[in-house]
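*Asks:* Going by this note's numbering, the sequence shown opens with residue 131, and the numbers climb by one from there. We put the beta carbon where it would ideally sit given N, CA and C, even for glycine. Note that the structure is predicted; figures quoted are calculated from it, not measured.
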Amino acid sequence: MAYALITGASSGIGKDISLLLSQKGYDLILVSRNIEKMQSLKNELNSEIKIISCDLSNINNFDKLISEIKGYDIKILVNNAGYGIHGLFNELDIKKELNMVNLNSLFPQMLLKHFVNDFFEKEDCYILNVCSSASFFSGPLMASYYASKNYLYSLSLAIYQELKMVNSKTNISVLCPGPVDTNFWNVANVNFQSKPISSEKVAKIAVNKMFKKKLIIIPEKKMRLAKFFSRFLSEKMLLKIVYNLQNKKKV
Numbered sequence: 131m132a133y134a135l136i137t138g139a140s141s142g143i144g145k146d147i148s149l150l151l152s153q154k155g156y157d158l159i160l161v162s163r164n165i166e167k168m169q170s171l172k173n174e175l176n177s178e179i180k181i182i183s184c185d186l187s188n189i190n191n192f193d194k195l196i197s198e199i200k201g202y203d204i205k206i207l208v209n210n211a212g213y214g215i216h217g218l219f220n221e222l223d224i225k226k227e228l229n230m231v232n233l234n235s236l237f238p239q240m241l242l243k244h245f246v247n248d249f250f251e252k253e254d255c256y257i258l259n260v261c262s263s264a265s266f267f268s269g270p271l272m273a274s275y276y277a278s279k280n281y282l283y284s285l286s287l288a289i290y291q292e293l294k295m296v297n298s299k300t301n302i303s304v305l306c307p308g309p310v311d312t313n314f315w316n317v318a319n320v321n322f323q324s325k326p327i328s329s330e331k332v333a334k335i336a337v338n339k340m341f342k343k344k345l346i347i348i349p350e351k352k353m354r355l356a357k358f359f360s361r362f363l364s365e366k367m368l369l370k371i372v373y374n375l376q377n378k379k380k381v
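1) Output needed for LEU135: all residues of its chain with C-beta closer than 6 Å, excluding positions within five of it in sequence on either side, in chain order.
2) State the start and end residues of the unbroken alpha helix (DSSP H) segment that holds LEU285.
3) For ASN338, does the three-state DSSP call read helix, strand or coil?
4) Among the residues of its own chain, which have a CB less than 6 Å from the CB of SER278, if the five just before and after it don't count?
5) Per DSSP, which residues does ASN209 bridge with? Please list them.
6) Quick one: Cα of GLN169 to Cα of PHE249, how far?
7) Tell me whether the stretch 358-366 and the stretch 328-348 touch, counting them as touching only if at least three CB pairs, one residue from each stretch, are closer than 8 Å.
8) At the level of alpha carbons, what is the spacing between LYS145 and ASN210?
9) Ignore the nearest five residues each way along the sequence and tell me which others in SER263's own chain have a CB closer than 6 Å to its CB.
10) Quick one: what's got a C-beta closer than 7 Å to LEU415's C-beta in the same chain, skipping five residues either side?
11) Using 8 Å for Cβ pairs, my map puts ILE165 next to LYS172. What's the rounded Cβ distance?
12) How big is the Cα-Cα spacing for GLY269 and LEU218?
13) Which residues in the same chain as ASN377 place their Cβ atom closer than 8 Å to its Cβ, once the five residues preceding and following it in sequence are excluded?
14) For my contact list, SER152 and LEU175 are in at a C-beta cut-off of 8 Å; report their separation, rounded to the angstrom.
15) To the nearest angstrom, how far is it from the Cα of SER286 to the Cα of MET295?
16) Taking a contact to mean a Cβ-Cβ separation below 9 Å, would you say GLU178 touches MET131 in this structure?
17) Looking only at its chain, what residues have a beta carbon closer than 6 Å to the beta carbon of ILE348, apart from the 5 residues adjacent to it on each side?
18) By how many angstroms is the C-alpha of ASN259 removed from the C-alpha of ASN301?
19) Note down, in chain order, each residue of its chain lying with its Cβ closer than 7 Å to the Cβ of LYS344, except the 5 sequence neighbours on either side.
20) Please report the straight-line C-alpha distance between ILE371 and PHE266, rounded to a whole angstrom.
21) Spatial neighbours of ILE289 within its chain, please: CB distance less than 7 Å, with the 5 preceding and 5 following residues excluded, ordered by chain position.
22) Would ASN229 pass as a contact of ASN188 if the rule is Cβ separation under 9 Å?
Laid out in structure tokens, this is it:
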């Protein structure tokens with residue numbers, strides 16, 4: 131059976147997508163820094179599983195990762211790994227921000243470059259880039275995170291159209307959920323007044339829509355409405371709204 135490569139596979143959306151793809155008969159290549167969690171996940175699955183421990187916030191690890199997957203018949207790429215940092219831009223640690231940009235934007239771009247070429251002559255290949263509803267806005271108090279997700283979102287849409295114009299059999303989807311109940315928000319050091327959507331629900335919707343070749347996947351109705359109605363507001367009004375929302379999330 132063909133393989134699916136999932137980054138950030140040890141927990142949250144990545145773990146739940148891994149479970150679903152395994153149920154559909156795909157063998158898996160799981161990529162994360164946390165070997166213990168990936169090994170635990172491997173024990174839950176019946177597929178052939180390859181585990182790769184790799185820090186994707188360091189783009190110098192790209193060649194090492196590619197060498198480890200050489201020879202595998204990969205037909206699905208899930209760019210899921212990512213994290214956010216909450217706080218005033220001038221107060222955040224620049225090294226942490228740049229590592230975040232590497233993880234959220236640049237390493238996914240490098241994987242996209244590799245697999246768009248690798249998939250070109252194959253049939254029925256899929257790329258799922260896990261972005262965020264943050265992709266649609268500028269985000270005061272999470273400025274670099276929002277920008278990094280917008281980068282991947284915009285890049286994905288452009289590549290989608292390029293592939294369409296050359297009749298490529300590869301499909302690209304972008305997943306743009308609102309807040310999801312994962313460890314992501316512990317890393318970002320924020321909390322919520324309302325309950326986020328579960329990662330299991332997001333993963334189920336994402337996999338279903340990916341195989342239906344949906345371009346933009348927004349799981350929650352409220353986020354679809356937010357995207358639609360945002361076009362009627364000025365940029366200054368949107369910035370104020372996002373700032374107020376982010377300011378309420380401080381731990």
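*Replies:* On the basis of the data shown:
1) As a working note, residue 135 is residue 5 in the sequence shown. So the qualifying residues of the chain are ILE159, ILE204 and LEU207.
2) Indexing the sequence shown from 1 puts residue 285 at position 155. Note, LEU285: alpha helix (DSSP H), 273-295.
3) As a working note, residue 338 is residue 208 in the sequence shown. Reduced to three states, the DSSP call for ASN338 is helix.
4) For the purposes of this step, residue 278 is taken as residue 148 along the sequence shown, with counting starting at 1. Excluding residues within five positions, the ones whose Cβ falls inside 6 Å are VAL231, ASN234 and SER235.
5) Along the sequence shown, read from residue 1 onward, the residue named residue 209 stands at position 79. Bridge partners of ASN209: ASN259.
6) By one-based count along the sequence shown, residue 169 stands at place 39. By one-based count along the sequence shown, residue 249 stands at place 119. GLN169 and PHE249 have their alpha carbons spaced roughly 28 Å apart.
7) At 8 Å Cβ cutoff, the stretches do not touch.
8) In the sequence shown, residue 145 corresponds to position 15, counting from 1. In the sequence shown, residue 210 corresponds to position 80, counting from 1. Roughly 10 Å between the two C-alpha positions.
9) Position 133 of the sequence shown holds residue 263. So the qualifying residues of the chain are CYS306, GLY308 and MET353.
10) Residue 415 is absent from the structure shown; the chain starts at 131 and stops at 381.
11) In the sequence shown, the residue the question calls residue 165 occupies position 35. In the sequence shown, the residue the question calls residue 172 occupies position 42. 10 Å between Cβ atoms; not a contact.
12) What you label residue 269 is simply residue 139 of the sequence shown in a count that begins at 1. What you label residue 218 is simply residue 88 of the sequence shown in a count that begins at 1. Spanning the two alpha carbons is a distance of roughly 11 Å.
13) The residue you call residue 377 lines up with position 247 of the sequence shown. Hits under 8 Å: LEU271.
14) As a working note, residue 152 is residue 22 in the sequence shown. As a working note, residue 175 is residue 45 in the sequence shown. About 5 Å separates the CB atoms of SER152 and LEU175; that is less than 8 Å, so the two are in contact.
15) By 1-based counting over the sequence shown, the position of residue 286 is 156. By 1-based counting over the sequence shown, the position of residue 295 is 165. Taking the straight line joining both Cα atoms gives about 14 Å.
16) Counted from its first residue, the sequence shown places residue 178 at position 48. Counted from its first residue, the sequence shown places residue 131 at position 1. MET131 sits close to GLU178, with the two beta carbons spaced by under 9 Å.
17) Taking the sequence shown and counting its residues from 1, the one referred to as residue 348 is at position 218. Answer for ILE348: CYS306 and ARG354, listed in chain order.
18) Translated into the one-based positions of the sequence shown, residue 301 becomes position 171. Translated into the one-based positions of the sequence shown, residue 259 becomes position 129. Straight-line measurement puts the Cα of ASN259 at about 11 Å from the Cα of ASN301.
19) As a first step, residue 344 must be located in the sequence shown, where it is residue number 214. When the five nearest sequence neighbours on each side are left out, the beta carbons in the same chain lying within less than 7 Å of the beta carbon of LYS344 are those of SER303, in order along the chain.
20) Numbered from its first residue, the sequence shown carries residue 371 at position 241. Numbered from its first residue, the sequence shown carries residue 266 at position 136. So the two alpha carbons sit approximately 13 Å from each other.
21) Position 159 of the sequence shown holds residue 289. Within the same chain, Cβ atoms closer than 7 Å to the Cβ of ILE289 are found at LEU242, VAL246 and ILE302, the five residues on either side in sequence being excluded.
22) Here residue 229 refers to the residue found at position 99 of the sequence shown. Here residue 188 refers to the residue found at position 58 of the sequence shown. For ASN229 and ASN188, yes; Cβs fall inside 9 Å.
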